[in-house]
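Just so you know, the protein sequences line up as chains A, B and C, in that order.
Residues in the first sequence are numbered consecutively from 34, following this note's numbering.
Residues in the second sequence are numbered consecutively from 3, following this note's numbering.
Residues in the third sequence are numbered consecutively from 4, following this note's numbering.
For reference, the structure is listed below as structure tokens.
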Amino acid sequence: MPLLFPLVVSALLFAIGVYGVLARRNAILVLMGVELMLNAVNLNLLAFDAWHRDTLHSGQILALFTITIAAAEIGLGLAIVLLLFRTRRQINLDAVRELADREDTDREDAEVRR
Amino acid sequence: MTTSVSAMVLASEQAGQASGVFSLMWLIVAIPALSAAVILLSGRAGKSWGHLLGCAAPIASFVLGATMFFAMLGRGPEERAVEQQLYTFIPLPSYHVTAGLLLDQLSVCFVLLITGVGSIIHVYSVGYMAHDERRKRFFGYLNLFVAAMLLLVLANDFLVVFIGWEGVGLASYLLIGFWQHKPSAATAAKKAFVVNRVGDVGLSLAVMLMLATFGTSSFAGVFGHVGAAGTGIATALGFLLLLGACGKSAQFPLQSWLLDAMEGPTPVSALIHAATMVTAGVYLVTRSNAIYDQAPAAQTAVVLVGTITLLMGAVIGCAKDDIKKALAGSTMSQIGYMMLAAGLGPAGYAFAIFHLLTHGFFKADMFLGAGSVMHGMNDEVNMRRYGALRKYLPITFGTFAVGYLAIIGIPPFAGFFSKDKIIEAAFSSNVWIGLCALIGAGITAFYMTRLMYMTFLGHKRWAKDTHPHESPPVMTVPLILLSVLSIVGGAGLAYAGGGIVSWLEPVVGEKHLEPPLSVAAMTALTLAVVALGVAAAWWFVARREVPVEAPVKVSPITTAARKDLYGDAFNEVVLMRPGQEVTRGLVAFDNRGVDGVVNGLAAFVGGLSGMVRRVQTGFVRSYALVMFGGAALVVVAMLLVRLS
Amino acid sequence: MTSILLAQEFKSPTIEYAKVAPLLIVFGVAIVSVIAEAFLPRRFRYPTQVVLSLGSLAAALVVTVGLAGSKLLAAEGAIAIDGFTLFLWGTILVMSIISVLLLAERAVDGGVTAFAAQAAALPGTEAEREAQARRLEQTEVFPLFLFAVGGMLLFPAANDLLTMFVALEVLSLPLYLLCGLARRRRLLSQEAAMKYFLLGAFASAFFLYGMAMLYGFAGTISFSGIAAAIGAKTGVDGLLLAGTALVAVGLLFKIGAAPFHMWTPDVYQGAPTAITAFMAACTKIAAFGALLRLFYVALGAARWDWQPMIWVVAILTLGVGSVLALTQSDIKRMLAYSSIAHAGFLLIGFVGVRDHISANTSAILFYLAAYGFATIGAFAVVTLVRDASGEATHLSRWVGLGKRSPIVASVMALFLLAFAGIPLTSGFMGKWAVFSAAWQGGAWPLVVIGVVASVVAAFFYVRVIVLMFFSEPAAEGPTVAVPSVFTSVAVAVGVAATVVLGLMPEPLLQLAARAAQLVG
């Protein structure tokens with residue numbers, strides 16, 4: 034198999050992941066986008082590992098670590114999203130924007146509202 | 003020219019290590035610094051003795067400086083420069099910066115000026131600030147200034163000069179804004195700070211360039227190597243140092259802050275914005291003579307800057323009704339003379355310093371005189387509200403008159419000796435520059451006569467409830483001292499012990515140019531022009547009653563001069579308006595008090611800031627989009643670099 | 004047969020335990036303190052955690068000092084122990100000790116720490132009120148903090164891609180959580196955690212993708228292997244370039260360089276101030292260490308490819324940091340933009356290199372130390388200025404602070420002057436070191452831009468000083484809380500370091516110069 038194939042597939046996967054992060058408003062779906070990006074990388078790593086015939090299998094090990102860390106990351110991410118959901122009853126990311134550069138008057142309004 | 007350079011290098015390389023009385027050199031700086039710290043950190047307790055300590059510190063430094071001056075007199079001309087290493091400041095392997103002090107013929111002049119005139123002004127301030135409840139703090143700041151200024155002139159390394167440079171900037175900022183309850187004072191302080199920072203960029207880049215090129219920023223190292231480094235480096239250094247000098251000395255095009263700086267208490271105007279700090283630029287150029295001698299283009303720039311400023315300042319001085327602002331215009335103009343002289347190379351350095359010293363005497367004298375007038379006139383500064391004060395303030399009038407005669411250059415008063423020399427040297431180098439300097443002398447005579455007449459002669463035009471009275475002795479004695487200096491200072495410096503030119507020769511070199519006319523003819527010509535200026539002032543001002551309100555129907559030139567020759571307007575049109583266009587509708591940013599050259603820039607940056615910050619929307623996904631765009635940019639940039 | 008097989012020798016990996024002891028101590032105690040959190044009764048937790056954290060960090064610091072002079076690749080080449088690593092370890096450990104002091108501060112907010120009483124209780128509910136009333140504290144912050152410190156220690160020492168990635172995540176994950184644990188203004192705090200987490204994960208994905216490409220390019224994950232591959236391999240340069248760019252994204256995100264800076268102001272503002280102080284100082288130090296090691300050691304030979312890109316980023320960062328700080332009205336946001344500007348100054352030192360990296364490395368090391376002390380100190384002062392709703396961070400509340408509390412205002416002014424690079428403060432020496440190293444490296448246009456940016460920056464620092472000293476205080480201004488010995492020590496150390504490094508930079512500069520050796 035040409036090296037190009039897995040690389041293109043993984044690049045596409047990565048791009049879909051990026052699209053998910055940029056286009057989705059639901060925090061869970063954004064998290065899924067990030068996961069997709071990480072999985073694209075795993076595919077890449079394995080392809081390179083096989084291509085280089087790496088006797089140390091650094092690529093595979095790296096992929097394993099990535100999977101583990103991605104799991105930890107998603108666990109933490111879900112915890113944060115859950116916290117957000119419990120306080121706001123929604124996980125629309127666009128609704129969460131108290132912190133921003135805005136004019137003073139706006140901010141005072143925001144402080145009054147809080 | 004080369005001889006002067008080698009003389010310079012010789013002098014600084016052979017500067018002996020400090021011993022005997024000279025080993026106390028560091029105390030000259032340390033005493034006022036320590037006193038400033040004590041005064042500022044002492045709580046209420048310091049209120050009763052703060053001003054006394056504040057006066058004692060510069061006097062102690064003066065005594066030390068004078069002792070060392072006499073010790074220097076006892077040595078041969080080549081052994082007078084003394085160096086004292088304090089400690090190693092930057093020991094990086096690539097370069098080495100040691101902090102040390104250098105007392106030579108040039109710096110000792112400044113030490114005596116700063117501590118001498120400084121002490122007199124400190125004493126005067128005891129009376130002037132007597133009713134201010136923050137007098138203690140005022141003296142703390144003044145001492146801080148003296149310490150920083152002494153560090154500036156005593157440093158043996160440009161990096162240490164820079165530290166003093168920032169220090170005097172800070173002190174000046176604090177003192178201009180000392181009466182912070184006046185919004186105009188706060189604005190003026192801000193303006194001075196910002197404009198000075200622009201100048202500081204020049205100086206800091208110059209030091210960086212020195213470190214990068216020579217691996218050191220010490221005077222000895224830089225001046226020793228600059229000859230071999232080529233004209234390019236020397237020219238770049240010359241222009242960068244000139245930028246620094248322009249900021250600190252209120253030279254064109256960074257002149258706009260000095261007039262506003264008059265918002266500070268009058269002793270501050272006398273000490274910092276007339277006698278010492280504003281002349282730091284002249285010191286810098288003179289000190290760097292080895293650099294400028296290698297860079298004719300930079301020298302020409304110095305001459306041009308000086309000439310433009312001396313005319314501008316003089317014209318502005320003609321139109322101001324505020325006595326302090328008229329004097330400030332005059333200060334700009336006189337420093338223009340010094341810069342002009344310093345730009346002439348070895349032919350002019352000594353005259354620049356000569357005029358700097360005499361100007362320090364007579365301008366401090368007149369500023370303190372103005373303060374004494376204001377003291378008696380309920381802090382009125384508008385000269386149209388003065389008149390006939392001669393009888394009511396006799397001592398102030400007498401001392402002010404001495405200063406007046408000195409500045410317009412009537413023999414045997416101080417200004418005659420120093421200014422004539424500059425005009426002579428200017429004529430010898432270039433007839434047009436000489437003519438400008440000559441015309442400047444005429445205008446000086448005009449505006450000073452106008453000021454003198456409107457204040458002390460003519461009829462009373464006082465506001466109601468004004469009861470002018472002579473100031474207490476604590477203020478008049480300093481005035482008398484300064485006026486004595488204004489009388490004898492010129493002749494003394496010119497002739498005593500071979501004169502200042504031969505005194506400074508080991509440091510700055512000497513070159514005599516033949517003036518196109520004989521010296522006597524030049525003097526006669528100058529005096530004739532001065533007389534013309536006085537007569538013109540008499541014709542225009544004294545012939546009829548001075549109107550209490552400034553006339554509205556005046557010539558375009560007067561209007562222009564009243565508006566500082568459109569300095570701020572120019573800045574507004576070129577810098578501020580486009581900035582405001584950017585700002586308009588985008589941001590409600592605090593632009594109050596924005597005016598002048600750099601504040602225009604500030605408005606621009608502020609507007610830009612208001613525009614860019616709209617990107618920070620708070621939407622996390624738009625942040626991610628920016629990051630993604632950045633990542634794409636980074637990848638594309640790298641690929642492009644490889645392809646090209 | 005089996006017995007013969009079992010008797011066969013094989014070469015086990017060697018771990019130089021003594022050399023990586025600081026890491027082991029911090030991670031080990033972090034685990035112990037998780038256990039302590041689970042088993043100790045509530046009233047013992049706070050003192051135990053504080054003692055454990057301070058003790059482990061101090062012990063790690065002592066061991067680090069003892070390791071001085073080491074120069075080797077430990078753990079089969081995964082960790083580089085050299086002067087550079089040890090200097091950064093020392094700096095990070097000192098800064099984290101100061102940060103622990105801020106974390107443990109209880110006096111300024113009525114006898115409890117600045118962290119949520121019970122993170123699970125919803126803001127504004129009965130449960131939260133009860134938790135508040137029972138004066139509960141979330142002492143989990145201490146183990147989380149220790150794990151983050153461990154990750155930060157590992158990050159600049161990592162000598163292969165895998166270790167570097169693990170370190171990156173170990174330092175980031177606890178920080179995401181810590182950001183969301185503020186006691187006051189919990190909604191803002193949670194929002195900060197969410198933003199930091201999502202953007203951090205996004206940046207890690209880019210970093211990882213870049214790593215995969217670098218691995219694909221070199222066929223190895225060790226830095227020395229990658230360095231050897233550059234120049235030796237031809238035809239796959241695309242992988243090298245794309246990989247370099249993408250790992251740069253991940254690292255530049257951590258140091259807060261534009262255009263990857265967007266999280267910084269929001270997160271710095273929302274996070275508990277003690278955590279902000281810790282992040283601003285230690286994360287930046289660790290991430291710069293990693294950036295230097297990766298780009299100088301592994302990618303040094305490809306310098307001509309990545310230098311222009313870093314130039315652009317440095318200029319953007321300086322511009323964004325110093326221009327946007329001008330219009331900020333919240334002190335924490337202003338300090339955030341100031342930290343972005345400082346990242347720009349550091350990048351100038353990083354990129355302005357021609358032949359020898361030692362001058363640049365030592366300049367950056369010095370700058371990081373100087374900046375770190377001043378930053379923690381400044382944020383520590385921010386925790387002290389309070390009103391009824393917690394910290395009064397809006398700049399309008401700081402008006403006239405100099406009249407109300409001259410000491411606190413003067414200390415803040417000192418830190419701001421150091422940030423502005425005024426002579427006789429540490430910031431001045433740091434800027435000089437960085438600028439002159441870059442100038443000698445031929446990056447003079449960057450230095451000019453840097454000097455101009457520092458002029459703009461001076462303007463907004465001085466604006467705050469003017470606000471504090473030259474304006475009349477508002478009628479019902481904030482109060483200045485009297486801190487316990489913890490915060491006092493933190494602020495005092497910051498002041499002392501700022502002044503000493505400004506007046507006598509020589510010892511630290513020499514140490515940094517000696518530490519500027521990277522193995523590999």
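Glycine included, C-beta positions come from ideal geometry on N, C-alpha and C.
Within the segment 611-636 of chain B, Ser611, Gly612, Val614, Arg615, Val617, Gln618, Gly620, Val622, Arg623, Ser624, Tyr625, Ala626, Val628, Met629, Phe630, Gly631, Gly632, Ala633, Leu635, Val636 place their CB atoms closer than 9 Å to a CB of chain C, listed in sequence order. One Cα belongs to His469 of chain B, the other to Gly378 of chain B, and the distance between them is close to 7 Å. Bridge pairing for Leu350 of chain C: absent [DSSP].
Asn77 of chain A has a beta carbon lying within less than 7 Å of a beta carbon in chain C. Nearest to Phe141 of chain B by C-alpha distance, out of B:Ala208, B:Gln86, B:Leu114, B:Gly56, is B:Gly56. Per DSSP, Ile100 of chain C is one residue of the alpha helix (DSSP H) stretching across 86-106. For Ala339 of chain C against Gln272 of chain C, the beta-carbon gap comes to about 7 Å, under 8 Å, which counts as contact.
With contacts defined as CB atoms closer than 7 Å, Leu176 of chain C and Leu109 of chain A qualify as a contacting pair.
Assigned with DSSP and collapsed to three states, Ile82 of chain C falls in strand. Contact annotation: in the segment 184-216 of chain B, residues whose CB is within less than 9 Å of a CB in chain C are Ala188, Ala191, Lys192, Phe195, Val196, Arg199, Val200, Asp202, Val203, Ser206, Leu207, Val209, Met210, Leu211, Leu213, Ala214. Approximately 6 Å separates the beta-carbon atoms of Arg463 of chain B and Arg387 of chain B; this is inside 8 Å, confirming the contact.
Spanning the alpha carbons of Val65 of chain B and Val110 of chain B requires a straight line of approximately 12 Å.
Our two residues, Val486 of chain B and Ala236 of chain B, have alpha carbons roughly 42 Å apart in a direct line. At a beta-carbon threshold of 9 Å, none of the residues of chain C lie near Gly53 of chain A; the nearest stands roughly 11 Å away. For Ala248 of chain C, the residues of chain B that pass the 7 Å Cβ criterion are Val636, Val637, Met640, in the order they occur in the chain.
Approximately 6 Å separates the beta-carbon atoms of Arg389 of chain C and Ala395 of chain C; this is inside 8 Å, confirming the contact. Less than 7 Å divides the Cβ of His85 of chain A from the Cβ of Gly222 of chain C. When the beta-carbon positions are compared, Val638 of chain B and Met312 of chain C stay at least 7 Å from each other. For Leu75 of chain C, the enclosing beta strand (DSSP E) begins and ends at 75-77.
Close CB contacts of Arg121 of chain A within its chain, under the 8 Å cut and outside five residues either way in sequence, are with Ala128, Val129 (chain order). Contact check for Phe160 of chain B against Ser206 of chain B fails: the beta carbons are separated by 7 Å or more. Among the CB atoms of chain B, none fall inside 7 Å of the CB of Leu115 of chain A. Its Cα nearest to that of Leu370 of chain B, the residue B:Lys326 stands out among B:Lys326, B:Asp422, B:Met151, B:Val163.
Residue-level contact by beta carbon fails for Thr51 of chain C and chain B, as no gap is shorter than 7 Å.
With fewer than 16 other CB atoms across the displayed protein chains lying within 10 angstroms of its CB, Pro518 of chain B is exposed. Here Tyr89 of chain B carries a strand assignment [DSSP, helix/strand/coil]. Boundaries of the beta strand (DSSP E) harbouring Ala101 of chain B: 99-105, taken from the DSSP string.
Under the 7 Å criterion on CB atoms, Ile165 of chain B is classed as interfacial with respect to chain C.
In the DSSP assignment, Val388 of chain C falls within the beta strand (DSSP E) that extends over 388-390. Setting aside the 5 residues that flank it on each side, Ala443 of chain B is surrounded in the same chain by Gly411, Lys421, Ile425, Thr528, Val531, Val532, each with a C-beta closer than 7 Å to its C-beta; the list follows chain order. Residue pairing from DSSP places Glu394 of chain C in a beta bridge opposite C:Arg389. Ala173 of chain B is not a Cβ neighbour of Ala272 of chain B, given a cutoff of 7 Å. Taking 7 Å as the cut-off, the Cβ atoms of Ala366 of chain C and Gly352 of chain C count as close. Proximity of chain C to Gln182 of chain B at the Cβ level (cut-off 7 Å) is accounted for by Phe473, in chain order.
With the criterion set as a beta carbon lying under 9 Å from some beta carbon of chain A, the members of the segment 253-278 of chain C are Pro268, Asp269, Val270, Gln272, Gly273, in sequence order.
Residues of the segment 411-425 of chain C with a Cβ closer than 7 Å to any Cβ of chain B, in chain order: Ile425.
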